[in-house]
Structure formats: C-alpha cells, structure tokens
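Numbering (this note's numbering), first residue to last: 200 to 368. What follows is a single structure, written as structure tokens, with notes after it.
Spelled out as structure tokens, the structure:
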C-alpha cells in the first residue's frame, strides 16, 4: 500500500544513483525543516529500511568536537520516522510517542543510522486504525561501533476529518 510520501520516494529511487541522496534529502527537508538545519542526509529509503548520515560538522558539534547528543537524537528520530512514515496510510497521522536513548560512549566522527521494520510491523501499521510500535535504529560512528543505543515508539491514529468553514457558500 503506497502513501503520498512513498510514491515520491519511489519516483526518486528511479533516478540515476548519483542524484538520489540529494533528492531524497531535499524531499525530507521540505517537510521536516529542522532536518535541514541539522544537516541530516538521506542515503537510502525503502518500506523496510532507511539509511541516514550526519556528518560531524561544526554546526552539530558539542564542546569537545563530537556530534552533540541532541543532534544524534534527531538522526535517530529521522531514520525511524522516515521508515515508519513510508508505511502509514494517508488517512492516518504518525506521532512519536517516546524516545529511548542510551549514550554508551563518546561519538567519533560521522554517524550512520539504519532503521528497519519487519513485514509484520508494516502489516500492522497499514491495517490497524490506530496503534504503536517500537522502531529500533542502529547508529554507528566512524569506528564502526554504536556509541548510542536507540529505539523510538511511533504511533498512528486516524486523521480527523476536515470540517467546512462556517458560512462559506
């Protein structure tokens, strides 16, 4: 079942490989303004998985030159929200219920985030009128190790019908 966002992603995924990341990032940042501020780059998107990159640039650094804890949280939220959003029907509203982030050690260099959904999770999102799921995300730094452990609890509910303006003919 395709929604509006997944149809745009499918069209972008048909473009030449060298253009995809920039186009996916532009699409995402047009809807999630803060992602542009933090510099999150989308590398791959499908119904089952996303892959995002956050480069260790000055605008996202903490006082010791690593990626700031909150910037890493934005990366995790973005990765899980995108793969979740690829599967939420247009008639439903996606909502982040909670974030669970455990910082294990200092982050070294750039961060790569990968979020995944199972076939069972996707079926539940697409079929149930409302519900919630835990979307795990793996974040690794340039050492190849995960400096943080994250999981996001995403929910969906039916959108409220739009009401017509009073007195409009």
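For every residue, glycine included, the Cβ atom is placed at its ideal position computed from N, Cα and C.
query: So the candidates are 324, 289, 279 and 261; which of them puts its Cα closest to the Cα of residue 335?; result: 279
query: For the beta strand (DSSP E) that contains residue 291, what are its first and last residues?; result: 291-302
query: Determine whether the beta carbon atoms of residue 282 and residue 314 lie at a separation below 7 Å.; result: yes
query: Could you work out which residue in 293, 308 and 247 is closest to residue 329 when comparing CA atoms only?; result: 293
query: Are the stretch 288-305 and the stretch 215-234 touching, with three or more C-beta to C-beta distances below 8 Å?; result: no
query: Using a Cβ-based criterion (distance less than 6 Å to any ligand heavy atom), does residue 351 qualify as near the ligand MN?; result: Of ligands this structure carries none, so the ligand MN is not represented either.
query: Taking the CB atoms as reference points, tell me whether residue 211 and residue 203 lie closer together than 7 Å.; result: no
query: Can you give me the C-alpha to C-alpha distance between residue 286 and residue 209, rounded to a whole angstrom?; result: 13 Å
query: Return the CA-CA distance between residue 225 and residue 238, expressed in angstroms with no decimal places.; result: 11 Å
query: Taking the alpha helix (DSSP H) that residue 211 falls in, what are its first and last residues?; result: 203-211
query: Does the distance from the CB of residue 270 to the CB of residue 259 come in under 7 Å?; result: yes
query: Hey, which unbroken runs of the alpha helix (DSSP H) at 4 residues or more fall wholly within the stretch 220-279?; result: 232-237
query: Measure the alpha-carbon distance for residue 216 versus residue 338 and round it to whole angstroms.; result: 24 Å
query: Please specify which runs of the alpha helix (DSSP H), each continuous and at least 4 residues long, are wholly inside the stretch 300-364, giving them in chain order.; result: 318-326
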